[in-house]
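Peer 1: Numbering of the sequence shown is given in the numbering used here, commencing with residue 653 and proceeding in unit increments.
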Amino acid sequence: MRILIANDDGIFSPGIKALAFALRELGEVNVVAPDVEQSGVGHSITFRRPLRFKHTASAGFGEIPAYRVDGTPADCVVLGAQLLGQPDLVVSGINIGSNMGLDLTHSGTVAAALEGASIGVPSIAFSLDAAGEELRFEEAARNALPIARWVLEHGLPSKTLLNVNFPNHPPLGIQLTRLSTRRYEDSIVEREDPDGRPYYWVAGKPSGELEEGTDFWAVSNGFISVTPVSLDYTNHTLLKKLEAEEPFSGEKGGIKTD
Ligand code: MN
653 MRILIANDDG IFSPGIKALA FALRELGEVN VVAPDVEQSG VGHSITFRRP LRFKHTASAG
713 FGEIPAYRVD GTPADCVVLG AQLLGQPDLV VSGINIGSNM GLDLTHSGTV AAALEGASIG
773 VPSIAFSLDA AGEELRFEEA ARNALPIARW VLEHGLPSKT LLNVNFPNHP PLGIQLTRLS
833 TRRYEDSIVE REDPDGRPYY WVAGKPSGEL EEGTDFWAVS NGFISVTPVS LDYTNHTLLK
893 KLEAEEPFSG EKGGIKTD
């Protein structure tokens with residue numbers, strides 16, 4: 653079994669190291685990760701400049717082959733799958749900080765798994781809720797192992813990934829969840845530079861109701877959250893409804909073509 657591990661925190665992150673060592677017992681592990689942190693880049697792909705793919709012995713992976721790329725998390729999966737052979741499993745993380753709810757739309761960690769799913773490989777994104785002083789990557793990686801083993805043995809439906817978030821303390825168990833829709837509030841912080849001109853931080857804390865059954869709810873209550881996520885962005889309910897509506901219905905709809 654060939655396992656490709658990527659992340660968005662960069663090849664020197666302790667999270668990817670813990671994950672790579674923990675998953676070694678499942679098969680041949682290759683690490684392909686960005687050379688610098690790429691958190692928040694989402695699913696962007698680099699195609700206007702060339703990329704480097706460099707074997708990196710100094711990142712502390714021991715016998716595990718590790719490569720760094722001067723690109724995005726999705727670039728790492730594209731290059732890793734092409735240059736090292738199609739993997740049986742793509743995993744991403746373990747990210748420093750949770751990736752839940754609407755975070756998925758910006759997350760580089762999740763994007764690496766989305767890229768894996770989009771090239772037809774069962775994929776998992778792992779993130780650790782970074783609350784607290786000491787980050788418990790070793791424990792999270794140990795708990796990632798049975799999840800990765802299950803996916804290797806059973807596969808996943810096409811264009812689907814698992815999004816996994818660990819609490820930063822001994823978990824009470826696993827909860828299967830749906831994505832929450834909590835929003836960030838006070839998301840702009842304004843400061844002043846030395847010349848008195850304003851600059852801005854995009855920051856903020858999640859707010860809103862903690863709905864039972866969601867990823868936020870599970871992690872807040874001490875559980876590991878596992879959410880199946882689909883690459884099918886189509887809203888099938890609305891699609892059906894629009895089929896009966898002007899200007900969408902009929903052979904040409906309401907659109908004039910002459
Ligand atoms: Mn990150």
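The beta carbon of each residue, even a glycine, is placed where N, CA and C say it ideally should be.
(1) Return helix, strand or coil for Lys622, following the three-state DSSP convention.
(2) If you measure from each CB to the nearest heavy atom of ligand 1 and keep those under 5 Å, what residues do you get, in chain order?
(3) Do you know how far the Cα of Phe664 is from the Cα of Glu677?
(4) Which residues in the same chain as Gly694 place their Cβ atom closer than 6 Å to its Cβ, once the five residues preceding and following it in sequence are excluded?
(5) Could you compute how far the alpha carbon of Gly737 sits from the alpha carbon of Asp847?
(6) So, under 8 Å CB-CB, Asp884 and Gly753 are touching, yes? Tell me the CB distance rounded to an integer number of Å.
(7) Is the beta carbon of Val743 less than 9 Å from the beta carbon of Ala685?
(8) Kindly indicate the opening and closing residues of the beta strand (DSSP E) around Phe705.
(9) If we ignore side chains and look at the alpha-carbon of each, how far apart do Leu887 and Gly772 end up?
(10) Below 6 Å CB to CB, which residues in the same chain sit around Tyr852 once its five sequence neighbours on both sides are set aside?
(11) Val681 to Pro725, Cα distance in whole Å?
(12) Identify every residue that forms a DSSP beta bridge with Lys857.
(13) Mind checking Arg700: buried by the 16 CB within 10 Å criterion, or exposed?
(14) DSSP three-state label for Pro686, please.
Peer 2: To lay it out plainly:
(1) Since the first and last residues shown for the chain are 653 and 910, residue 622 lies out of range.
(2) Result: Asp660, Asp661, Ser691, Asn747.
(3) C-alpha of Glu677 to C-alpha of Phe664: approximately 22 Å in a straight line.
(4) Beyond the five residues adjoining it in sequence on each side, Gly694 comes within less than 6 Å, by CB distance, of His758, Ala763 in the same chain, given in chain order.
(5) The alpha-carbon atoms of Gly737 and Asp847 are separated by roughly 52 Å.
(6) Between the beta-carbon of Asp884 and that of Gly753 there is about 18 Å, and that puts the pair past the 8 Å contact cut.
(7) Going by beta carbons, Val743 and Ala685 fall outside the 9 Å limit.
(8) Going by DSSP, Phe705 is part of the beta strand (DSSP E) stretching over 705-707.
(9) At residue 887 the sequence reads Asn, which differs from the Leu that was named. Each residue's CA atom was taken as its position, placing Asn887 and Gly772 some 22 Å apart.
(10) Residues Ile840, Glu842 of the same chain have their beta carbon placed closer than 6 Å to that of Tyr852, with the five preceding and five following residues left out of the count.
(11) Taking the straight line joining both Cα atoms gives about 17 Å.
(12) Under DSSP, the beta-bridge partners assigned to Lys857 are Glu837.
(13) When all chains shown are included, Arg700 counts as exposed.
(14) The answer is strand: DSSP assigns Pro686 an E or B state.
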